[in-house]
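Colleague:
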C-alpha cells in the first residue's frame, strides 16, 4: 500500500474509496489476500484518511494462493465492525466472484472494459448483472428469514436447515461444512468447524406446522429470482438426467 492518501484534502478523504491487497517490497510488487493483511491494510487506510469507515473497500488483485473465502470472511468482519460499508473485487474471474459473493455481497467489480478490450462481455458482465439483479430481488426474502430466525433465537441458516429437517423423517439433509478451493490444478477442501457447529445447532430449533407454513410463505417459490447454476456441470443436473431407452 502506498502513502498517497496521507496528502489528500480532508473533503476528499471523507468520501474516498480505498483498496487493499497490494504489497510492495524489495523484490517488487506482489499480492496478498491473507485475512491478517486485509485487516492491516484497512486499519492503515482508516488512519491515513482519518475517517471512521471506508465506503467501498477493494481487494485490488486476487491472491491465488489464498482461498477467496478466507479473504472475504475477514472483509465481512470489517463490515460487521462498521469499518467498511461495501466490498469490491478487481480483476477477478467468474469462479472467484461467485465464491466471494457467497460469503458476502460484492458491490463493485473493477475490470478493464473498452471498445478494444471486450473479453469480459461473454461471462463476467452477465454474471455480475444476474448476481446483482437476483440479489436485489431476493433481498426481501433474506430479510424475512432473518426476522423469523430472530424470533426462534437462531441463525438464518439454522432456521432454513431446521425447516428442511421438519419436512419428513425420510428427508435427510447433507449440510455443507467445507470450503472448496483450487490449488494449482487440484481440487481441495477444508472443513470449517464453526459451520459444523452451526449446522448441529439447527437440531435445537423446534417448529410447529403453523411455523413451518410461515417460513414457507416467507419465501414464495414462484417469486424467487435466479436458478441453480453450476457452470459446466449444469448439464448434469437432475432436470437433464434422462437416460436412453432400453433397446
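Residue numbers (UniProt numbering): 1 to 247.
Glycine included, every Cβ here is placed at the ideal spot set by N, Cα and C.
1) Give the secondary structure of residue 82 by DSSP, where H, G and I count as helix, E and B as strand, and everything else as coil.
2) Counting only the same chain and skipping the five closest in sequence on each side, list residues whose C-beta sits under 8 Å from that of residue 246.
3) Where does the unbroken alpha helix (DSSP H) through residue 167 begin, and where does it stop?
4) Cα separation between residue 86 and residue 101?
5) Among 192, 123, 130, 207, which has the Cα closest to the Cα of residue 160?
6) What residues match up with residue 108 in a beta bridge as DSSP calls it?
7) Alpha carbon to alpha carbon, how far is residue 193 from residue 203? Give it in angstroms, no decimals.
8) Between which residues of its own chain and residue 163 is the CB-CB distance below 6 Å, once the five residues before and five after are set aside?
9) Under the assumption that residue 46 contacts residue 108 (Cβ atoms under 8 Å), give the Cβ distance between them as a whole number of angstroms.
10) Can you grab the Cα-Cα spacing for the pair residue 24 / residue 176, in whole Å?
11) Report, in whole angstroms, the separation of the C-beta atoms of residue 205 and residue 154, which I expect to be a contact under 8 Å.
12) For residue 143, count the other beta carbons within 10 Å of its own beta carbon; 16 or more makes it buried, fewer makes it exposed. Which is it?
13) Where does residue 174 sit, in a helix, a strand or coil, going by DSSP?
Modeller: So, from the listed chains and residues:
1) coil
2) none
3) First-last for residue 167: undefined, no H or E at that position.
4) 12 Å
5) 207
6) 88
7) 16 Å
8) 215
9) In fact, because the Cβ distance is near 19 Å, the residues do not count as touching under 8 Å.
10) Confidence at residue 24 is low in this model, with a pLDDT of 37, below 50, so the placement of that residue should be treated as unreliable; the coordinate-derived value is given next. Straight-line Cα distance between these residues: approximately 38 Å.
11) 5 Å
12) exposed
13) coil
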